[in-house]
Amino acid sequence: MRKQISLLLLLIVAAGFALCLAGAPFGAEGARESRRLVKDNVNYGRRYVSKGLDENRCANIVTSVVLNYRGFDTLGEVTILFIAALGLGAVLYGRRAGASPDEAQRPSLILSTGCRLLFPLIMLVGIYIFIHGHLSPGGGFQGGAVIASGFLLICLGCRKKKLNSVALGAAESLSGLAFVLLALIGLAVGGSFLLNFLPTGKVYALFSGGIIPLIYIAIGVKVGSELSGIIDNLSGEVR
Amino acid sequence: MSAQGILITAFAGAGLSYALGLTSARLREVFAIVVSVLLVCLIAITHGQGAEHVYYPDFLGLDLVLRMDALAWFFAITVSMVGCLSVIFSLHYVRGKEKENFYYFALLLVNAAMLGIVLSGDLLSFFIFWEIMSWAAFLLISYKRGRALDAGLKYVIMSILGSCAMLLALLYLYANYNTLVISDLAQQIRSAAGGFPLWVMLAFALGFGIKCALIPLHTWLPDAHSEAPSPFSAVLSGILIKMGIYGFILVMYGVVGLKLLLEVGAPWLHFHTVLCWLGAITILIPTFIALLQDDAKRLLAWSSIGQIGYIMLAIGVATSLGLAGALFHTLNHAVFKALLFLAVGAVEYKTGGVRDLNRLGGLIRRMPVTFACALIGGLGLIGVPLTSGFVSKWLIYKTLITEGHPFLALAALVGTWGAILYVYKLLHNMFLGQLPEKYANLEAAPFSMQLPLMICGFIIVLFGILPGIPLSVIGGIVGTLGFEPVTATLTGFGPQIGPLNTLNLCAAFAGVLLVIVAFRGIAARPKPVSQDDSYAAGAAAPAGKYHHTVRFYDPLERMTGGYLRDWVDQFYLSAAGKAKGVFNGVRRIYTGDVRTYVMYIVALLTFLIFAHTAGWL
Amino acid sequence: MVSPILLIAVPLALAFLTPMVGLASKSARRYMPAIAMLFNFIVAMSLLPKALEAPIIVRTAGWAPPLSIHLVAGPLGLLLSSLVALIGLLVAIYGIDYIREGARARYDVLYTLLLVGATGVVLTGDLFNLFVFFEVLCISSYALVAYRGDSAGVEAGMKYLIQGAIGSSLVLIGIGLLYGTVGTLSMADIASSVGSVAGSRLFISLAFMIAGFGVEAAIFPLNAWLPDAHSSAPSSISAVLSGVAIKAGLYAIARVVYTVYGASSILPFLAVLGVVTLLVGEMCAFAQEDIKRLLAFSSIGQMGLILFALALSSATGISGAVFLIISHGLAKALLFLATGYMIYRTGSRDISSLAGMGKRMPIMSLCFTVGAFSLMGLPPFVGFASKFTIVRAVLGTGSTFFITLLAIGLIGTVIEGAYFLRIVQWLYFKPAPEAMPEQTEGRAPLTALVPVGLLAVLIVTIGLLPGIVGRALGPAADDLLDRAAYIQHVMGD
Amino acid sequence: MNFLTSYIHYVGCFALVLIGLYVALVKSNLIKVIIGINLIDTGVNLFLVATGYLGGGTAPIFSKAAEQSQEMVDPVPQALVLTAIVIGVSVLALALALAIKVYDHNGTLDLRKLKGLKW
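Chains as they are written, first to last, in our numbering: chain A, 160 to 398; chain B, 616 to 1232; chain C, 122 to 614; chain D, 12 to 130.
Here it is, written out as structure tokens:
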């Protein structure tokens, strides 16, 4: 019964989707076909592609959009991840993960040594990714995720290791604070939140893009520590 | 003293009495009485003044206006008078009970709100004060707990229903005439083309009808009146339900005006005719239900509904005499119903809460003053000549007959017979017959309880003998509402209305009295005989109560009891039960299964898409 | 000059700072949300007079509106963010001592972020940014509902999360459809170009957004999460959820329908939906024995009324809706807060356990009564002024359709009166149980009495002097109604 | 057929969304429902990226080698999707935490049995 009703409802939703696609041209492609990239090529991000390189000196236009034009979204996004980490902690507060560490099988020497060897390399890759976020594909979120995977590896490979939650929390807070403060400096200096107030340098150089790399570093640290915190919370006792 | 000053005094008095009560109970009592008496005086000295002024500009875009005119003054003095008496009566009644502070606060608040209602110069402030009165009254009705809680809820639900209707109606007026100030509104409505819409009138009637317990909207009243504390029952029955009457008069004659009013409704059935007939029904049925009541306050409550019927009947006739009769009867009913409720309250107070007529009796020996006053009140209720009730009923009969409404007049007459019967039952079962042993040492009610009774009794007799005093005011009001003014002499009416001279009545009564006294002088003196002689045939009198009445009108009850149940109430109760069932059924849509909830979300989306493709949206 | 963006940035910074403060002093940390909200309240109030004249447009990253995300601090947005800050402040003060169990450190941060989300929703001028802040609001409320980690809380949080997540996905689909059609995300820019688009795509994207935002706004068939979540959360959280969070959802719907789409064809449908929501909410509330569940259902009812008023599409109607948002926010926050300590005192959420509360907790009971009376719309409390405005607006439209709907809706008011007054009777007129375990821990501390008392005072004051808020209502209504002005303010020229 | 070929990417994303919705509507295991929600998220994210797609366009990243030699796809949806992914991850994390707690309390993940709160 439930299945039939669901299918019926979904069928209508599907018809709705079909209805959406029919008719007027859709998406950037549709707009190009119908020559409807209206209003000085502002729509469909045309303007970011054409002027973004000059405005922020940031080779990766997506990064430029994420951190400058739509940087405010990113602030919210970082906040949401922060909330998820905190909420996870709040929900699981006082809970002890399944088996106690004593009962768990000790990791073999090869495994734990291998993990320890790999860990700095992973860190390095992560840091590389978020430092070069404005030049190449990647950025704070991706780099942070890679860093967190390093911590995950430690958690899985060397079961006895506990992460220092105070340090993680501090990194989380301070990097978040750094993001907001960087944005607020823009407000103080140029009257606009998130203003790219630093000299933007030369395109394709490591030191280019003004505050964009700085923010991405903050985000990288924040995402890394948050995801690690989540891993930590899911695997151990939550305090 | 302006209307504003009066209201400030009233509301500040309510608040201050609460504040004072936190420090000293005695201080609060004194203060409450001082405020009440002060209000009576303040209103009394404003007699004859007419004023209208804005007291709160731009409340939600509307000016709130207070106004003092003859009609407002008339109701204001009635309200403050009865309010004052009930406060005095409360002194002993609530002393030592819990939540005294709350009691005084709510009582004074109700009184203040009622003053606000009658002094309002616009319908918005009318409505605001109306609502304050409603919820404050709810708090007081619930005061005694137990069954009072259900009574309170019933009252307040109906009252909210009524005020919703009223809100719709008055905002309809605002939307169409862009003002709610009564004088402007009246002018605009009268000068506007076209009639007055029936549904607005009906919505007002629903609001007012519920408050003044017009059948079939009366069902809250018997419960609320009987379960409220007695001094507040006096307020409820004496003046609170009269606010409904005031509303009717205000809207029908003050706002809509006689000319338009006569055309409201279908050509073959006018609104005011329906009101008349509802009034007649409201006289007949409750009067006979009152006969069957064993609870003294319940009996009085039903009697109140019956008396409201007279007033509504008289309002609906839409004649000058009828309106005068309605206004005078409003005043009278306020006084004698307050008296009767207070008298019952005094008995209740002394006997420790007994109101069951089957368990009382013979109290005349212990509480003679209470009895005498109750007797006057009862006579006034019946409408015996030389009481004020006679004059007002006379006016109503007179207009019914001259306007050619024989059936309505008959209904009114039959209602009076019923009144005689239930007043007799009430007085007899409480005061006459044998005194139960446990009350043998009962003391008379304290003076603070007797004083209001005596004042009421005095007013009844005074206005009965000199009806010209209130009628001079009433006559003027009738004139301002677009009728021919009613002119009255001090003791009755001139020939143009119909000869009524209370002096003649006095003389007749004096003559009859003289004859009786004379016959008593001639006849052999009655010899007091011990009760034992007549009832126990010389044997020792049994210890229990043997001269008493239970189920006073039992034969009548057996005959009519099946029919005289409160059908309407039962209908409402079953409807409420059904509604509860429906509510519980609606609740089931929240099944607790989150997948179903997700389905609701998708269903709404689907509906929107479907409705769009179908072209509905 | 103070920029409205501080309303989001500063509390956010304080929220990030809170864990650091917690390292230094645990007791200082508890005051952080209150400090953040106090700041917000002061700033919002100081900006309000200026915004009443013309909306303040805030750019980010220095680019003019359609290019970057911008905030539009119009009269409506600032009015609502002041309300958010006010309720947030009072509830934060309440929370200082109220929250005793669980991960206190996380509570403070999550609480602040929830309010940041609500503030962001009402201030932003960008559709996707609206979605982001909406998610900030939603995700922090999922977490806070389950904050205590008890069975009911977790279950409610889980159900809330599932429905909320699906709702936000629907919103995102709607945004995607819209972006694919017009290629921009600024609400004003969309509004200016949406008129030239034909076909059903627009309507269907609107349908997705209504169904999505409607979940948070607790519109009728989408509100199943609300009674669970609001009753299982800690009372301070219930207060903000009921007082603030659901209003944000409704604001989003109104903003999308009025400003972005200018879709008047859907308004009658929304009005019907509003009345149905009202009736269903009140009917369900009537039979509840659990006081918090009752309050939650009553919130649904009130949301229905607000939605109905919003759908009137007249200036008075929207003023009334905004007024009701304010008055319901104050009253419902008050009721949940007052209930919180009563539940601590008796250890039960049954209405019957409230018997005799009037004696045991006189101030809480009195305030509860004030709140209940205000919700019912009794004068002289603020609820009356708002309901009166709405009824006036309906009759002002003169349309039989709306008047009939209103007449049906008023039945809901009667039901509401019935159950609230029953509670008042329980509070005052039912004798307290004889053997009463006198729990000292249940005694309300000053941090609880002050916010509750202040809310009651506000309810009475605004009720007596509706002009305090009334001045801002007209511009707020125009803010929604006048699309052309909105577009012009944001886009320049 | 023409419709399918020119809109095949959209059809794919919507199919994902519908499958996800179907799972959420029909499956009674909490974890499966969470997976369903994730499927919806993924579908939506793909859809967003698809709206910015230009036939033959490259990623919007400049490099010294090929400066503006080709047309680039719309960068905005990519930025949006970045945000949306993070939001999806956050919701997922929270949902799993709640699922853990639900299992702790009730010993089951069957949604038909999780009806402690109703009516």
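All C-beta atoms in this analysis are idealised placements derived from N, C-alpha and C, irrespective of residue type, glycine included.
The C-beta distance from residue 52 of chain D to residue 290 of chain C rounds to 6 Å, short enough to meet the 8 Å contact threshold.
Annotation: the continuous beta strand (DSSP E) that includes residue 683 of chain B extends over 677 to 683. Judged by DSSP in its simplified three-state form, residue 773 of chain B adopts helix. Residues of the region 1199 to 1217 of chain B whose Cβ lies closer than 8 Å to any Cβ of chain D, in chain order: 1202, 1203, 1205, 1206, 1207, 1208, 1209, 1210, 1213, 1214 and 1217. Of all residues in the region 165 to 180 of chain A, those with a C-beta nearer than 8 Å to a C-beta of chain B are 165, 168, 169, 171, 172, 174, 175 and 178, reading in chain order. Approximately 14 Å separates the beta-carbon atoms of residue 212 of chain C and residue 237 of chain C; this is outside 8 Å, ruling out the contact. For residue 178 of chain C, the enclosing beta strand (DSSP E) starts and ends at 177 to 180. The alpha-carbon separation between residue 815 of chain B and residue 783 of chain B amounts to approximately 8 Å. CA-to-CA, the gap between residue 375 of chain A and residue 110 of chain D works out to about 32 Å. In this structure, the straight-line span from the alpha carbon of residue 824 of chain B to that of residue 938 of chain B is close to 17 Å. Interface flag for residue 122 of chain D against chain B is set, since a Cβ pair is found closer than 8 Å. In this structure, the CA atom of residue 877 of chain B is about 32 Å from the CA atom of residue 1187 of chain B. Residue 449 of chain C carries a helical assignment under DSSP once its states are collapsed to helix, strand and coil. Between residue 280 of chain C and chain B, the shortest Cβ-Cβ separation is below 8 Å. Considering only D:41, D:73 and D:27, the residue with the shortest C-alpha distance to residue 103 of chain D is D:41. In this structure, residue 1013 of chain B lies near residue 1113 of chain B, with their beta-carbon atoms less than 8 Å apart. The three-state secondary structure of residue 72 of chain D, taken from DSSP, is strand.
The C-alpha of residue 216 of chain A is placed about 12 Å away from the C-alpha of residue 208 of chain A.
For residue 674 of chain B, the enclosing beta strand (DSSP E) covers residues 666 to 674. At least one CB atom of chain A sits nearer than 8 Å to the CB of residue 1221 of chain B. In terms of beta-carbon proximity, residue 109 of chain D lines the interface with chain C, with at least one pair separated by less than 8 Å.
For residue 295 of chain C and residue 247 of chain C, the gap between their C-alpha atoms comes out near 14 Å. Leaving aside the five residues that flank residue 342 of chain A on each side, the residues in its chain whose CB is nearer than 6 Å to its CB run, in chain order, 352 and 353. A direct Cα-to-Cα measurement between residue 117 of chain D and residue 277 of chain C gives close to 13 Å. Residue 952 of chain B is positioned such that its CB atom lies closer than 8 Å to that of residue 853 of chain B. Under a 10 Å Cβ-count criterion, residue 191 of chain C is classified as buried, with 16 or more other Cβ atoms of the shown protein chains found around its own Cβ. Each of B:896, B:1005, B:795 and B:1110 was checked against the Cα of residue 673 of chain B, and the nearest Cα belongs to B:795. For residue 944 of chain B, the enclosing alpha helix (DSSP H) begins and ends at 935 to 966.
Secondary structure at residue 323 of chain A: coil, using DSSP grouped into helix, strand and coil. For residue 19 of chain D, no CB of chain A lies under 8 Å from its own CB, so it is not counted at the interface with that chain. In the same chain as residue 300 of chain A, and ignoring 5 residues on each side of it, the C-beta atoms closer than 6 Å to its own belong to 382, in chain order. Uninterrupted beta strand (DSSP E) stretches at least 3 residues long and entirely within the region 859 to 898 of chain B do not occur. Per DSSP, the continuous beta strand (DSSP E) segment holding residue 191 of chain C begins and ends at 191 to 194. Looking at the backbone, the Cα of residue 422 of chain C and that of residue 842 of chain B are separated by about 32 Å.
The beta carbon of residue 473 of chain C sits no closer than 8 Å to any beta carbon of chain D. Close partners of residue 224 of chain C in chain D (Cβ separation under 8 Å) are lacking, with about 12 Å as the shortest Cβ gap.
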